[in-house]
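Numbering (full-length UniProt numbering), first residue to last: 1 to 302.
The beta carbon of each residue, even a glycine, is placed where N, CA and C say it ideally should be.
Report on the following structure.
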């Protein structure tokens, strides 16, 4: 099979198209012919060494696919080594999906959808009526978090967006408006996957007992050191969030995925389908993602 692999850490340029043996499913696993593989920021961290160790190399990245089982069933699956023509997944991490559900929509329910779900339900503990700000709201996580916050009763949902086109997109998704710092009114909840200077600006814009959830560092810049005296003065909280350990908790994986897929089926949650790239162009997909030129869910087509 064809696959994307890297044998050293670095930028997108280390990804190479290779030919590997087809994977063999083990006990409790299923083989999937890949229709599309999702691309996530976490994949870029695997490639640069943030999420992987040298003893794992060479490595095929990718954690989610849409494809077909040998029986012809169309499925969404959480997997490893997803940037390939074939992948294997544990049966418990495989979900049947309708034939007419776009691959980008289905894939958005995994890494991005689960992140957005847990950011609001768990990390932020958002309450109805609260004022929420979502950074990078045109992105994969942000576009879903914006919609979920509205569906779950937020009083206002403000968005940050880096271009006019992205600002127009977030308004179509239901944002109250496009925010800039300092905020006109303090926020109860701020979801930050950007980090760097934006995190510091956001921290100073929290309402009394507000929460900022730091779940990523798309800026690739160091976070501002936290001063506990500043937190006390703000009467605020900083919450860190990482998806992988969260999914090890009981009820944290299958139930939210099914809820997200159900909301998509009912039309109440509208994922944003982003760019599609041929498998061989994975390096370009990573480059565009890191440069923040993408919106919504981007994917690779084997």
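In the DSSP assignment, residue 16 forms a beta bridge with 5. For residue 117, the uninterrupted alpha helix (DSSP H) segment begins and ends at 111-118.
Using a 10 angstroms sphere on the CB of residue 192, the tally of other CB atoms reaches 16 or more, which defines it as buried. Across the structure, residue 300 and residue 39 are spaced so that their CA atoms are roughly 7 Å apart.
Between the segment 6-24 and the segment 284-291, the count of C-beta pairs closer than 8 Å reaches three or more; the two stretches touch. Just so you know, the alpha carbons of residue 129 and residue 146 end up roughly 14 Å apart.
The three-state secondary structure of residue 276, taken from DSSP, is strand.
The C-beta of residue 123 has 16 or more other C-beta atoms within 10 Å across all chains shown, which makes the residue buried. Per DSSP, residue 185 is not a residue of any beta strand (DSSP E), being assigned neither H nor E.
Its Cα nearest to that of residue 86, the residue 25 stands out among 183, 154, 25.
Within its own chain, the residues whose Cβ lies closer than 6 Å to the Cβ of residue 156, once the five positions on either side in sequence are excluded, are 131, 176, listed in chain order. Taking a C-beta distance under 8 Å as the contact criterion, residue 65 and residue 32 qualify as a contact pair.
In its chain, beyond the 5 residues on either side, 209, 210, 211, 212, 231 have a beta carbon closer than 8 Å to the beta carbon of residue 237.
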